[in-house]
Amino acid sequence: MVLLAGAFLPPLDFFIVNVALPSIRADLQASAAMMQLIISGYATAYAVMLVTGGRLGDLYGRRNIFLIGMAGFAASSALCGWASTAPALVTGRVLQGVSAAIMAPQALASINAIFPEDEKAKALSLYAMTFGLASMAGLLLGGTLIALDIFGLGWRSIFLVNLPVIALAAPAALILVTDTRSDRPSQLDIGGAVLLALGLCALIAPLIEGREQGWPPWAFVMLATAAPLLLAFWRFERRLEKAGGDPIVAPGLLRTPGLMRGLLAALFFYVVAAFWLIFSIYQQGGLGKTPFAAGLAILPAAAGFFLGPFFSGWVLKVLGRYAAAGGMGLQAVGLAATAVLISVGLPRLLFVALLVVGAGQGIALPNLVQTVVRGIDKTRSGLAAGLVNSMFQISGALAAALIGGLFFSVLGSASDAKSIGHAYGIAVLAIAACLLIAAWLSTDMAILRKAGRDALEMAERTDL
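Here the numbering used here is used: the first residue of the sequence shown is 804, the next is one more, and so on.
Right under this line is the structure:
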């Protein structure tokens, strides 16, 4: 339970903020761009530091790094909770993302290292369920805490609630969790982490701030530097791999047949993360609901997401390698249905479409991860899973920038329900289109994998 607390908090803090964004915007007089940065800053920092965080535990002890990550998460949560300006809140969110990336990998690595084989399967299943619970709890807890207005804190309580959890979990970790570390730890790739962070910031920041400020020259300069920085990152990783180092992204691993296609599928799939932002704005700005009511409105999707994995095995038996695509198709249908229901004036029926959206995600997510990792050598499957997780976070950051930017661009200065519903519909259809692209990318991975293995075997026979 102590380790699961460390795995629970990072996804909780990704989802919990969505319901609170309208309240944060009103209190801090934040711009639409700042609202997007509150999400994308956290996701970008988490994505960049995730692999490095795992390696810190391998090098210096997983319990030690787990505690350091928890302390950092508590401090950054306090900074978010007491932020008096929007830039201060964004800074706190970035530090939260870094701390989450240091803390979260230690939970899974410690479970693998500590639990005996006869208990490990149950521990891992509880670990997997934690993410579904975190998403559902985040969507409900955000609105509930704002409605309760504990000690008059309002939206600030969604960040400060982390403090008592960590105050209990950190001492328990010190007492109960055995410290472990890798026998052959991978070295830190500081240069790769810095170049990747610079490249992503050069891409995401101008996409968000540029629209808000009327596309000033600096936005185009930053966008122009993003590609060279990401190319420099790739070349740095290749040189490091050739020198026998441990790059964040192993270029040799990416040559595995079908893996690049799978990572692209993950990139397009997790664009759905932007849905929670625009749905919450529609509920509160368009329908005039309170944060608590907006949190309840999202409950069907959260319930579907939690229940979806229970049907994942059956879907896999029926659809085989198309299981992930089937789940994504279900999501796309549900999202399109929400847009139609709003356009025809039937928002009361949204719960049905949201249940479909959540169930589709609950089916697609585990099957997509399994499809991507399946066929990779067991010694490198952990690295591949880390790449998928990082790609999800990068996708979430880009989605906040691009889909959020599309929503606010269509909305403009309008604030009436009809305009918000119109902007919502366009943004949601864009998300549905991304899901269909992800579904198409995921369907042929197995074929590509088999063709790649056959080609390698033929090449080996030819060389012999």
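Virtual Cβ for every residue (Gly too), placed ideally from N, Cα, C.
task = Using beta-carbon positions only, say whether Q899 and Y845 come within less than 8 Å of one another.
result = Yes, they are a contact pair.
ask   = Can you tell me whether DSSP reads K1313 as helix, strand or coil?
value = In the structure as shown, the chain starts at 804 and stops at 1267, and residue 1313 therefore has no counterpart that could be examined.
ask   = Closest to I949 by CA distance: which of G1132, P1094 and N1170 is it?
value = It is P1094.
ask   = For F1036, does the count of other Cβ atoms within 10 angstroms reach 16, so buried, or fall short, so exposed?
value = Counting Cβ neighbours within 10 Å, F1036 comes out buried, since at least 16 surround it.
ask   = With DSSP run on the structure shown, which of helix, strand or coil describes A846?
value = Here A846 carries a helix assignment [DSSP, helix/strand/coil].
key: Presumed contact (8 Å Cβ cut-off) between G1129 and L1122, rounded CB distance   = The pair is a contact, with the Cβ atoms about 5 Å apart (cut-off 8 Å).
request  = Give the straight-line distance between the Cα atoms of P814 and P967, rounded to the nearest whole angstrom.
outcome  = Straight-line Cα distance between these residues: approximately 17 Å.
query = What are the complete alpha helix (DSSP H) segments, minimum 4 residues, inside the segment 1014-1084?
reply = If we require 4 residues or more, the alpha helix (DSSP H) runs fully inside the segment 1014-1084 come out as 1020-1045, 1054-1057, 1062-1072 and 1077-1084.
query = Are at least three pairs of beta-carbons, each pair with one atom in the segment 1193-1213 and one in the segment 828-847, less than 8 Å apart?
reply = Yes, they touch.
First through last residue of the alpha helix (DSSP H) which encompasses S880 = Counting along the chain, the alpha helix (DSSP H) containing S880 begins and ends at R865 to G884.
message = So, for A1000: in the same chain, excluding its five sequence neighbours on each side, which residues have a beta-carbon less than 6 Å away from its beta-carbon?
response = Here the set comprises V851.
query = Helix, strand or coil for T888 per DSSP?
reply = In the structure shown, T888 sits in coil (DSSP, three-state: anything other than H, G, I, E or B).
Residue of L870, G1189 and N1170 minimising C-alpha distance to D982 = Shortest Cα-Cα distance from D982 to any of L870, G1189 and N1170 involves L870.
key: Own chain, CB closer than 6 Å to L1157, minus 5 neighbours either side, in chain order   = Within the same chain, L1157 has close Cβ partners P1103 and A1104.
request  = Let me know the secondary structure DSSP gives R987 once reduced to three states.
outcome  = In the structure shown, R987 falls within a coil segment according to DSSP collapsed to helix, strand and coil.
ask   = Which value, in whole angstroms, describes the spacing of the CA atoms of L1026 and M838?
value = Here the alpha carbon of L1026 sits roughly 20 Å from the alpha carbon of M838.
inquiry  = Going by DSSP in three states, S1245 sits in which element: helix, strand or coil?
reply    = If DSSP states are grouped into helix, strand and coil, S1245 belongs with the helices.
request  = Run the CB neighbour count on R1058, radius 10 Å, all protein chains shown included, and call it buried at 16 or more, exposed below.
outcome  = With fewer than 16 other Cβ atoms within 10 Å, it is exposed.
message = Using 8 Å as the threshold, is the C-beta distance between L1070 and M932 below it?
response = Cβ distance not < 8 Å, so L1070 and M932 don't count as in contact.
ask   = Exposed or buried, what is A889 when buried is set at 16 or more other beta-carbons lying within 10 Å of its beta-carbon?
value = When all chains shown are included, A889 counts as buried.
ask   = Looking only at C-alpha atoms, which of G955, A916, I868 and R865 sits nearest to G884?
value = Answer by Cα proximity: G955.
task = Give a yes or no on contact between the segment 1230-1239 and the segment 1047-1063, applying the rule of three or more CB pairs nearer than 8 Å.
result = The answer is no - the segment 1047-1063 does not touch the segment 1230-1239, with fewer than three Cβ pairs under 8 Å.
Start-end ranges of the alpha helix (DSSP H) lying completely within the segment 1120-1192, minimum 4 residues = Counting only runs of 4 or more, we get 1126-1146 and 1153-1176.
key: Other residues of its chain near F876: CB distance less than 7 Å, five sequence neighbours each side excluded   = Here F876 has L812, Q899, S902, A903, M906, N965 and I969 as same chain residues with Cβ atoms under 7 Å from its own Cβ, once five neighbours each way along the sequence are excluded.
ask   = Alpha carbon to alpha carbon, what distance is there between P1020 and T1174?
value = Here the alpha carbon of T1174 sits roughly 43 Å from the alpha carbon of P1020.
request  = Pick out whichever of A1076, F1082 and V1160 has its Cα sitting closest to the Cα of F1109.
outcome  = Cα-wise, what sits closest to F1109 is V1160.
N-terminal and C-terminal residue of the alpha helix (DSSP H) that L831 is part of = Here the alpha helix (DSSP H) through L831 covers V805 to L831.
message = Tell me which residue opens and which closes the alpha helix (DSSP H) that I961 is part of.
response = Its alpha helix (DSSP H) spans residues S960 to L963.
ask   = Can the beta-carbon of Q1134 be found closer than 8 Å to that of Q1164?
value = Cβ atoms of Q1134 and Q1164: closer than 8 Å.
ask   = Roughly how many angstroms lie between the CA atoms of A1242 and A1230, to the nearest whole one?
value = Between A1242 and A1230, the C-alpha separation is close to 19 Å.
query = Are D861 and S938 close, meaning C-beta to C-beta below 8 Å?
reply = No, the pair does not count as a contact, with Cβ atoms beyond the cut-off.
task = Report the rounded CA-to-CA distance for A823 versus P1050, giving the unit in angstroms.
result = Approximately 37 Å between the Cα atoms of the pair.
With 16 other Cβ atoms within 10 Å as the buried cut-off, status of P1031 = Counting other Cβ atoms within 10 Å of its Cβ, P1031 stays below 16 and is therefore classed as exposed.
message = Alpha carbons only, please: which of T947, R987 and E920 is nearest the one belonging to L1099?
response = Ranking T947, R987 and E920 by Cα distance to L1099 puts T947 first.
task = Count the other C-beta atoms from every protein chain shown that fall within 10 angstroms of the C-beta of S1245, then say buried if there are 16 or more, exposed otherwise.
result = That one is buried.
Residue range of the unbroken alpha helix (DSSP H) whose run includes A1104 = For A1104, the uninterrupted alpha helix (DSSP H) segment begins and ends at L1102 to L1110.
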